[in-house]
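Protein chains: 2
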Amino acid sequence: MSHELWRVNLQTRSLQREPLPPAWQRLGGRGLIARILLDEVPPSADPLGPANKLILAPGLLGGHLLSSCDRVSVGGKGPLTGTVKEANAGGRTGLALARLGIRALVLEERTGEGWWVLHVSAGGVRFDPADDLIGLGVYETARRLLARYGKKIAAAIIGPAGERRLRAAAIMHLDADGVPGRASARGGVGALMGSKGLKAIVVDPAGGSPPPVADPSALRELRGRYIRALQAHPQTQTYHDYGTAAMVAMCNAFGGLPTRGFSQGQFEGADAIGGEALRALILERGGEGNPSHACMPGCIIRCSNIVPDREGRTLVSPLEYETIALMGSNLGLGDLDTVAQLNWHANDIGVDTIEIGAALGVAARGGVWTFGDGKAALRLMEEIQQGTPLGRILASGAAYTGQAFGVLQVPAVKGQAIPAYDPRAIKGTGVTYATSPQGADHTAGLTIRAKIDHLKPEGQAAVSRRAQVAMAGYDTLGICIFAGFGISTDPGVIPALLNAIYGWGVGDDILTRLGEETLRLERAYNRRVGFGPADDRVPEWMTQEPLPPHNSVFDVPSSDLDAIFADLERG
Amino acid sequence: MSHELWRVNLQTRSLQREPLPPAWQRLGGRGLIARILLDEVPPSADPLGPANKLILAPGLLGGHLLSSCDRVSVGGKGPLTGTVKEANAGGRTGLALARLGIRALVLEERTGEGWWVLHVSAGGVRFDPADDLIGLGVYETARRLLARYGKKIAAAIIGPAGERRLRAAAIMHLDADGVPGRASARGGVGALMGSKGLKAIVVDPAGGSPPPVADPSALRELRGRYIRALQAHPQTQTYHDYGTAAMVAMCNAFGGLPTRGFSQGQFEGADAIGGEALRALILERGGEGNPSHACMPGCIIRCSNIVPDREGRTLVSPLEYETIALMGSNLGLGDLDTVAQLNWHANDIGVDTIEIGAALGVAARGGVWTFGDGKAALRLMEEIQQGTPLGRILASGAAYTGQAFGVLQVPAVKGQAIPAYDPRAIKGTGVTYATSPQGADHTAGLTIRAKIDHLKPEGQAAVSRRAQVAMAGYDTLGICIFAGFGISTDPGVIPALLNAIYGWGVGDDILTRLGEETLRLERAYNRRVGFGPADDRVPEWMTQEPLPPHNSVFDVPSSDLDAIFADLERG
């Protein structure tokens with residue numbers, strides 16, 4: 001089994017297996033998705049129409065069980081943003097695809113009436129009726145799929161939100177334990193999957209094998225070097241112990257923690273929802289709880305967690321920083337149990353916690369409910385689950401909710417909600433939100449750890465650009481962002497791995513080259529769609545309404561935003 | 001009193017009167033709005049934010065009580081479309097502004113808390129509290145304004161939809177009788193007005209006078225020639241007798257009458273809602289009814305009407321073709337009384353009947369209600385009036401409604417609903433929808449009367465272009481589209497009028513030159529915002545799903561759409 005492209009025509013229910021075209025071979029994951037969009041999806045395509053494609057692609061390093069390298073990229077033309085869209089996730093899907101030799105699974109056209117499970121295995125693809133799964137939550141769907149297809153499958157699942165093709169809908173992946181807690185969350189990829197008529201994509205890796213390796217002995221040696229690199233950075237241990245929740249204290253200290261609909265940058269209840277509190281709660285309650293859980297098979301960082309209730313039964317897994325901020329401080333909620341319950345509902349409905357948290361914040365500003373009222377927030381999740389008109393508004397995202405309730409203070413760029421770093425306090429990340437081809441996206445290039453005064457406008461574009469290029473590179477390799485710290489202690493390990501696996505001769509600049517190439521492709525696609533400099537901006541109100549406690553506005557000059565990738569477009 | 005620009009800073013509540021800058025003097029109405037946007041409103045401005053401007057401008061021929069020449073253009077960056085936006089209307093507003101010497105009333109920034117009536121008179125502007133008007137429908141608001149400010153005022157009013165800044169919100173103008181039935185309907189200009197904190201703009205023409213005239217005796221003579229031109233065309237009499245409703249039969253015959261959510265092009269109940277039926281109903285019921293009503297003072301065409309109920313009391317005025325089609329056949333409703341009631345509610349709430357009719361059609365396709373159920377449609381108008389979540393979805397327009405209910409078959413271009421000519425059957429008008437800088441707009445260039453096979457793709461771009469240029473010219477002059485037939489019998493009357501009034505020496509090509517200049521400005525603005533060729537398309541599904549009875553799709557080549565205005569952009 002080798003590097004293949006699997007094209008599935010959903011209308012004719014036929015599979016075409018083809019070798020990856022030469023021009024695409026040096027791309028994977030996010031970069032490969034951008035390339036396919038640019039070559040095959042008309043810029044005017046309705047994101048939910050038949051001309052759009054849903055693409056699943058492991059990264060270039062996928063399939064070898066290298067720690068943190070088996071993420072899966074899921075994308076297409078984004079329903080929420082209208083831009084190029086890629087949302088990657090941990091869990092089992094990336095590994096399973098790579099083990100079947102699939103570099104990209106490209107789903108074209110759409111099924112007619114009815115709903116289907118697309119079953120992908122070494123034998124090809126099969127369409128199984130999904131009528132019994134329609135309307136079910138993601139957790140119950142996962143249970144039934146595991147019972148039906150076996151415990152070792154990977155699966156990508158949509159919930160009621162995706163079935164309804166609502167634009168905050170996510171695709172949920174089974175994690176290493178078979179729990180559907182890993183999300184391709186952003187940009188409405190769940191709506192895209194719903195538009196294709198698929199309730200689930202099951203990938204059975206049985207009979208598969210790791211992708212071919214040009215120099216197996218070099219790869220064997222490099223495994224140890226790679227693990228040592230990860231272990232060499234203290235951040236790896238911090239993620240292991242506290243997960244991403246450690247960021248609550250850091251972002252709060254910088255005054256950039258989204259609070260009450262992005263109206264404040266510090267939350268008085270931050271300690272109660274931070275990393276220390278979360279770890280203490282998990283350890284104290286015990287039971288099924290676990291503060292250091294691996295989302296992907298083979299991961300040694302284990303930033304994920306399992307949050308138990310008072311009886312020790314799983315409340316949700318994982319509970320991560322972005323959710324804690326957007327559904328906690330951003331909603332005036334200082335109680336981890338409530339946040340965990342909101343998170344569980346969001347997963348079960350199959351929606352992006354960032355987008356929904358932001359939408360709930362906007363709705364509170366619009367008078368729909370009151371910040372801090374956890375019961376009201378949970379009731380709104382019920383509305384989303386049931387698909388009431390209000391629920392449909394919220395599940396269409398923050399910008400949409402702002403339109404419905406006349407709220408101007410919408411935290412969104414290119415239609416996608418701003419994650420948990422207020423751009424007025426962490427301005428480099430604001431540059432990323434403004435200029436990323438993906439819309440506002442924390443995974444597109446964070447800057448909070450950069451050695452720069454985050455409040456000053458100067459120099460932020462350069463910091464953001466470095467971060468964006470690196471992230472686009474990691475997303476193309478299929479590497480988790482949290483391995484980046486470790487890799488920075490031995491950057492040569494990445495080209496060495498690629499050369500061992502593929503027999504290439506790439507140099508130390510490969511991460512940068514892959515990242516720049518990916519961004520160039522993505523921006524070219526967006527430009528064809530019609531996105532231009534006027535779209536590369538943070539929301540206008542964030543340039544005018546100061547954010548307490550620093551009372552800063554976003555004031556990175558537009559000229560810096562316009563210039564950030566000008567060289568890529570000339571090239 | 002001369003040609004002035006009145007700038008009102010809503011934040012400081014101050015007026016600045018200035019002479020119209022030389023570069024703007026040869027523009028009026030729609031063209032002047034485009035020029036001001038291009039010069040003063042940043043392309044990245046949030047349409048509902050303080051950087052956008054609400055502009056009211058009479059046309060170049062306004063202020064002289066020439067029949068059909070006193071329309072008012074209202075615009076800004078469009079809340080619904082994000083494009084340049086102009087929505088012109090009859091009624092009193094254009095004449096009143098012109099009589100005060102105001103070529104453009106430019107409303108900048110926004111008021112803080114609270115709601116206001118902006119009172120404009122020869123003495124300047126005044127801000128009167130509007131707290132007692134908030135929440136009121138447009139009709140009751142109009143009654144109170146007339147009682148408070150006198151029977152001779154002009155007024156532009158928003159209803160609850162505009163107050164809520166919902167994107168189907170219109171601005172309603174008093175007609176010649178003081179009834180608020182003339183709408184600047186499209187593109188969400190009512191939301192823009194709401195975002196400025198104004199419930200109404202009252203213009204008191206007392207003390208005003210016609211704008212200066214370079215050659216008064218020439219103008220006196222031209223008045224007769226102009227009226228003779230209008231009367232020389234038989235269509236003037238047809239509009240007088242049947243109004244726009246005569247189009248029902250014509251469009252139905254061409255198979256392009258929007259029916260049941262744009263799923264069909266012919267309606268079995270067309271006769272019951274057509275021009276003959278409407279005229280018969282009005283004449284039979286008598287009372288306040290009038291089949292030939294003037295919307296503007298001095299109009300001799302009188303295409304408007306007053307529709308009475310069974311007791312002879314006014315049901316609504318006017319009832320026009322677009323409303324009959326979008327709220328009638330498009331909803332499967334073959335009963336003029338129901339359509340008239342829906343129309344009255346829409347006016348009172350202050351929403352665009354085209355956008356709401358299209359949204360209701362989409363909602364029916366999405367299972368919210370059943371085509372043909374008039375009571376259900378009226379209940380949905382109640383939801384809009386009350387601002388329930390469902391009402392807010394509908395009042396945000398067709399595209400928004402499609403997103404909420406997962407309906408792909410949304411009839412909209414650049415976010416604005418397609419009016420009452422299905423582009424699959426009247427393809428030249430489809431070209432207009434696709435390529436007009438305004439989004440889908442029937443007033444931007446109809447082609448149904450062109451001598452061309454409407455089903456063939458060939459040659460439609462040329463026909464559309466001619467119509468679009470002419471309409472942009474008329475909209476810049478302030479002339480009603482329905483005077484165009486008469487003017488075509490003596491085209492030289494337009495340059496003669498301009499030369500008499502302004503002392504210019506323009507030639508017979510002035511209509512084309514004004515139209516092309518306006519389109520050039522508008523497209524330049526849209527391009528800065530980020531609109532490009534991919535946006536100049538009819539909805540993708542209309543290129544794929546055939547329209548009965550001709551079973552045609554929209555198949556004008558994209559290259560024709562891309563080329564239509566290429567020369568203007570090079571120029």
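From first to last, the protein sequence lines stand for chains A and B. Note that the working numbering numbers the first sequence so that position 161 is 161, with each residue one more than the last. Note that the working numbering numbers the second sequence so that position 52 is 52, with each residue one more than the last. Even glycine gets a Cβ: it sits at the ideal position worked out from N, Cα and C. Given the structure is predicted, the values throughout are model-derived calculations rather than measurements.
With 16 other Cβ atoms within 10 Å as the buried cut-off, status of residue i
{"i": "Asp536 of chain A", "result": "buried"}
{"i": "Pro129 of chain A", "result": "exposed"}
{"i": "Leu283 of chain A", "result": "exposed"}
{"i": "Ile134 of chain B", "result": "exposed"}
{"i": "Asn343 of chain B", "result": "buried"}
{"i": "Gly181 of chain A", "result": "buried"}
{"i": "Pro234 of chain A", "result": "exposed"}
{"i": "Gly112 of chain B", "result": "exposed"}
{"i": "Lys414 of chain B", "result": "buried"}
{"i": "Gln416 of chain A", "result": "buried"}
{"i": "Gln544 of chain A", "result": "exposed"}
{"i": "Gly150 of chain B", "result": "exposed"}
{"i": "Thr338 of chain B", "result": "buried"}
Rounded distance between the beta-carbons of residue j and residue i, thought under 8 Å
{"i": "His491 of chain A", "j": "Asp508 of chain A", "result": "The displayed chain sequence assigns Pro, not His, to residue 491 of chain A. That belief holds up - the Cβ atoms of Pro491 of chain A and Asp508 of chain A are roughly 6 Å apart, short of 8 Å."}
{"i": "Ile448 of chain B", "j": "Phe267 of chain B", "result": "About 16 Å; that fails the 8 Å criterion."}
{"i": "Ala57 of chain B", "j": "Ile33 of chain B", "result": "6 Å"}
{"i": "Ile418 of chain A", "j": "Ala412 of chain A", "result": "6 Å"}
{"i": "Thr238 of chain B", "j": "Ala246 of chain B", "result": "6 Å"}
Enclosing alpha helix (DSSP H) for residue i [first to last residue]
{"i": "Met572 of chain A", "result": "Missing from the structure shown is residue 572 of chain A; chain A here goes from 1 to 571 and no further."}
{"i": "Asn9 of chain A", "result": "Careful: Asn9 of chain A lies outside any alpha helix (DSSP H), inside the beta strand (DSSP E) at Glu4 to Asn9."}
{"i": "Asp560 of chain B", "result": "Ser558 to Ala563"}
{"i": "Gly275 of chain A", "result": "Gly275 to Arg285"}
{"i": "Ile227 of chain A", "result": "Pro216 to Gln231"}
{"i": "Arg520 of chain B", "result": "Ile510 to Val529"}
{"i": "Ala51 of chain B", "result": "No alpha helix (DSSP H) holds Ala51 of chain B; DSSP gives it neither H nor E."}
9 Å Cβ cut-off: residues of chain B touching residue i
{"i": "Tyr400 of chain A", "result": "Ser396, Tyr400, Gln403 and Ala404"}
{"i": "Pro43 of chain A", "result": "Gly532, Pro533 and Ala534"}
CB of residue i within 9 Å of CB of residue j, strictly
{"i": "Lys199 of chain A", "j": "Thr141 of chain A", "result": "yes"}
{"i": "Leu561 of chain A", "j": "Val431 of chain A", "result": "yes"}
{"i": "Gly91 of chain B", "j": "Ala170 of chain B", "result": "no"}
{"i": "Gly208 of chain B", "j": "Asn305 of chain B", "result": "no"}
{"i": "Gly428 of chain A", "j": "Ala450 of chain A", "result": "yes"}
{"i": "Lys375 of chain A", "j": "Leu192 of chain A", "result": "no"}
{"i": "Leu331 of chain A", "j": "Phe371 of chain A", "result": "yes"}
{"i": "Tyr296 of chain B", "j": "Arg71 of chain B", "result": "The residue you asked about is not Tyr; residue 296 of chain B is Met in the sequence shown. Result yes, Cβ atoms of Met296 of chain B and Arg71 of chain B sit closer than 9 Å."}
{"i": "Asp132 of chain B", "j": "Gly256 of chain B", "result": "no"}
{"i": "Cys480 of chain B", "j": "Ser73 of chain B", "result": "no"}
Segment limits, beta strand (DSSP E) that includes residue i
{"i": "Glu108 of chain B", "result": "Ile102 to Glu108"}
{"i": "Met76 of chain A", "result": "In the sequence as presented, Met is not what sits at residue 76 of chain A; that position holds Gly. Here the beta strand (DSSP E) through Gly76 of chain A covers Val72 to Lys77."}
{"i": "Gln16 of chain A", "result": "Ser14 to Pro19"}
Closer than 7 Å at the beta carbon, the chain A residues around residue i
{"i": "Asp131 of chain B", "result": "None at all; the shortest Cβ gap to chain A is about 18 Å."}
{"i": "Glu352 of chain B", "result": "The sequence as given places Asp at residue 352 of chain B; Glu does not occur at that position. Residues of chain A passing the Cβ test: none, with the nearest at roughly 15 Å."}
{"i": "Leu390 of chain B", "result": "Pro389"}
{"i": "Leu408 of chain B", "result": "Asp46, Leu48 and Gly49"}
Neighbouring residues, chain A, relative to residue i (Cβ below 8 Å)
{"i": "Trp541 of chain B", "result": "Asp46 and Gly49"}
Chain-ordered chain B contacts of residue i [CB-CB under 7 Å]
{"i": "Arg579 of chain A", "result": "It is not possible to answer for residue 579 of chain A, since the shown part of chain A is limited to 1 through 571."}
{"i": "Val529 of chain A", "result": "Ala534"}
{"i": "Arg537 of chain A", "result": "Ser44"}
{"i": "Arg165 of chain A", "result": "Gly406"}
Closer than 8 Å at the beta carbon, the chain B residues around residue i
{"i": "Ile393 of chain A", "result": "Pro389, Arg392, Ile393 and Ala404"}
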